[in-house]
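What follows is a set of notes on a single structure, which appears directly below.
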Amino acid sequence: MQIEFPDSRPAYRSDNLTVSFVAHVDGRRVACAITVEALEDHFGADVADATEVADARAWLHAFDRGRIAIEAAARQHLMLSNAASILLKSGHFPPGPVTTVFRARSVHARPA
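Take any residue in the sequence shown, note its place counting from 1, add 6, and you have its number in my numbering.
Take a look at the structure:
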């Protein structure tokens, strides 16, 4: 299984309070997302609660700062789910701020 993350902009989705991003798995586009709660809990999203626009900027900035770790977690879950769409939640990350990069696994998984 070959998993790649294109260098594209993530998008905030107000309908379900997530930041969405894309993975390509064996050339197929797969939708991925992370909750804003996970971005606040683990990636330092500084939410001002002033306006939703300001909060969205904070969540997108936190995604950019944590992109390597977020994509590493997404890669692991894509492999476990056989490339089904994924939603990363706070519980998918160790307690507290994620300050170290997840151990990167090869983008090529051996077939089972």
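Glycine is no exception: its CB is placed at the ideal position from the N, C-alpha and C atoms.
Can you tell me whether DSSP reads residue i as helix, strand or coil?
i	result
phenylalanine 27	strand
proline 36	Sequence inspection shows valine at residue 36; the proline mentioned does not correspond to that position. Three-state result, valine 36: strand.
tyrosine 18	strand
Rank the options by C-alpha distance to the C-alpha of residue i and give the top, closest one.
i	options	result
threonine 24	Ala60, Ala80, Lys95	Lys95
valine 50	Cys38, Ala89, His83, Asp70	The sequence shown places glycine at residue 50, not valine. Nearest C-alpha to glycine 50: Asp70.
leucine 93	Gln82, Arg63, Ala60, Asp52	Gln82
proline 100	Gln8, Asn22, Val59, Ala44	Ala44
arginine 15	Ile9, Phe27, His48	Phe27
glycine 97	Arg34, Tyr18, His48	His48
alanine 59	Arg19, Glu46, Val31	Before going on, a small fix: residue 59 reads as valine here, not alanine. Nearest option by C-alpha distance: Arg19.
alanine 80	Gly102, Val36, Val42, Glu46	Val36
aspartate 21	Met85, Glu46, Thr41, Leu84	Thr41
Just how far apart, CA to CA, sit residue i and residue j?
i	j	result
alanine 90	alanine 62	26 Å
glutamate 77	alanine 39	10 Å
alanine 29	methionine 7	12 Å
asparagine 88	alanine 64	31 Å
histidine 67	aspartate 52	9 Å
glycine 72	glutamate 10	17 Å
valine 104	isoleucine 74	11 Å
leucine 86	glycine 102	24 Å
aspartate 13	glutamate 46	23 Å
How is the alpha helix (DSSP H) around residue i delimited, first residue to last?
i	result
alanine 44	42 to 48
(request) With a floor of 3 residues, list each beta strand (DSSP E) that falls wholly inside the region 56 to 113, ordered by position along the chain. (result) 92 to 94
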